[in-house]
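Asks: Quick note: the sequence shown uses the numbering used here, first residue 34, plus one each step.
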Amino acid sequence: PKEIAVSFESAGHIIHIGGIAKGSGMIHPNMATMLAFVTTDANVDPDFLKTTLTEVANKSFNMLSVDGDTSTNDSVLVLANGLAGNTQISSDSPDSSTFQEALAEVCIYLTRELARDGEGASRLIVVEVAGAATQEDAQKAARSVSSSNLVKAAVTGSDPNWGRVMMALGKSRAQADETKIDLFVNGVCIMESGTPIPFHKEAVVSLMRGPEVTFRLQLNLGSGEATAWGCDLTEEYVIINSAYTT
Numbered sequence: 034p035k036e037i038a039v040s041f042e043s044a045g046h047i048i049h050i051g052g053i054a055k056g057s058g059m060i061h062p063n064m065a066t067m068l069a070f071v072t073t074d075a076n077v078d079p080d081f082l083k084t085t086l087t088e089v090a091n092k093s094f095n096m097l098s099v100d101g102d103t104s105t106n107d108s109v110l111v112l113a114n115g116l117a118g119n120t121q122i123s124s125d126s127p128d129s130s131t132f133q134e135a136l137a138e139v140c141i142y143l144t145r146e147l148a149r150d151g152e153g154a155s156r157l158i159v160v161e162v163a164g165a166a167t168q169e170d171a172q173k174a175a176r177s178v179s180s181s182n183l184v185k186a187a188v189t190g191s192d193p194n195w196g197r198v199m200m201a202l203g204k205s206r207a208q209a210d211e212t213k214i215d216l217f218v219n220g221v222c223i224m225e226s227g228t229p230i231p232f233h234k235e236a237v238v239s240l241m242r243g244p245e246v247t248f249r250l251q252l253n254l255g256s257g258e259a260t261a262w263g264c265d266l267t268e269e270y271v272i273i274n275s276a277y278t279t
């Protein structure tokens with residue numbers, strides 16, 4: 034199971050937030066075939082809780098893609114019983130941002146673990162986009178790269194293939210100027226201002242053989258930023274799904 038618990042203090046009261054999630058395939062584009070349950074003992078305003086969960090889900094579960102296929106069977110629920118005894122947290126409370134950050138930590142962790150445990154997956158893929166013209170563009174770009182089968186296959190082969198990443202960025206319909214794009218793979222710059230630059234390929238290949246591969250795209254057009262999560266595409270995924278029947 035994918036599970037996590039965090040806590041923080043609110044005016045002398047310890048508040049806990051815990052979460053558990055299930056899912057490993059057919060997850061795209063906004064959840065689908067996944068369930069997540071979050072519980073807290075915080076005394077929290079219901080409207081604030083609903084709004085916060087929606088905002089957090091849009092930056093976590095809704096930025097997850099395992100295989101690009103969809104389903105109608107999904108839910109993310111948050112339950113609060115108020116037993117922590119704290120003063121009710123609402124949008125204008127001093128601890129509202131702390132609560133939001135704690136809930137985000139739980140949901141992002143679960144999102145990462147869902148991607149890491151994708152059907153047949155051997156690596157977690159993280160796509161960070163910064164400097165996009167808008168927040169929406171950043172999300173489009175990050176999701177497109179993380180869900181690209183060619184990018185996923187390149188990660189399986191530990192191939193720092195900048196062409197695959199640029200292709201996925203291009204089809205996202207996010208505003209981009211190829212002469213301004215910087216691309217990093219696990220912290221190593223392989224493209225600067227839209228031009229591939231010399232890098233120690235074997236060192237990057239070695240980094241990509243690890244359990245997590247991070248692509249960072251600096252679009253240098255604005256302040257929009259987003260992160261998406263996915264997993265690589267392996268022979269095991271084909272084996273699992275070719276043997277499946279209803």
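Cβ atoms here follow ideal geometry from the backbone N, Cα and C, with glycine treated the same way. All of these numbers come straight from a predicted model, not from anything done at the bench.
Is it true that the stretch 129-146 meets the stretch 220-229, where meeting means three or more beta-carbon pairs spaced less than 8 Å apart?
Replies: Output reads no: the stretch 220-229 does not touch the stretch 129-146.
Asks: Which residue or residues does DSSP assign as beta-bridge partners of Gly263?
Replies: As a working note, residue 263 is residue 230 in the sequence shown. In the DSSP output, where bridge partners are listed per residue, Gly263 has Ile158.
Asks: Take Ile50 as the anchor and find which of Gly115, Phe94, His61 and Met59 has the nearest alpha-carbon.
Replies: Residue numbering aside, residue 50 sits at position 17 when the sequence shown is read from its first letter. If we check each option's Cα against that of Ile50, Gly115 comes out closest.
Asks: How many whole angstroms separate the CB atoms of Asp102 and Met59, which I take to be in contact at a CB cut-off of 8 Å?
Replies: Taking the sequence shown and counting its residues from 1, the one referred to as residue 102 is at position 69. Taking the sequence shown and counting its residues from 1, the one referred to as residue 59 is at position 26. At roughly 5 Å, the Cβ-Cβ gap stays under 8 Å, so Asp102 and Met59 are in contact.
Asks: Output the boundary residues of the alpha helix (DSSP H) element that contains Glu169.
Replies: Start at 1 with the first residue of the sequence shown, and residue 169 comes out as number 136. In this chain, the alpha helix (DSSP H) harbouring Glu169 covers Gln168 to Ser180.
Asks: Would you mind reading off the limits of the alpha helix (DSSP H) that contains Phe248?
Replies: In the sequence shown, the residue the question calls residue 248 occupies position 215. Taken as a continuous stretch (DSSP letters only), Phe248 belongs to no alpha helix (DSSP H), being part of the beta strand (DSSP E) at Glu245 to Gln251.
Asks: In whole angstroms, give me the CA-to-CA distance for Pro127 and Ala44.
Replies: In the sequence shown, counting from the first residue as 1, residue 127 sits at position 94. In the sequence shown, counting from the first residue as 1, residue 44 sits at position 11. Cα-Cα distance, rounded: 10 Å.
Asks: For Asp215, count neighbouring C-beta atoms within 10 Å of its own C-beta (all shown protein chains included) and say buried if the count is 16 or more, exposed if not.
Replies: Here residue 215 is taken as the residue at index 182 of the sequence shown, counted from 1. Classification of Asp215: buried, given that the 10 Å Cβ count is 16 or more.
Asks: What is the DSSP secondary structure of Gly151, reduced to helix, strand or coil?
Replies: As a first step, residue 151 must be located in the sequence shown, where it is residue number 118. The answer is coil: DSSP assigns Gly151 none of H, G, I, E or B.
Asks: For the candidate residues Met96, Val246, Leu97 and Val109, whose alpha-carbon lies nearest to that of Lys83?
Replies: By one-based count along the sequence shown, residue 83 stands at place 50. Nearest C-alpha to Lys83 among Met96, Val246, Leu97 and Val109: Val109.
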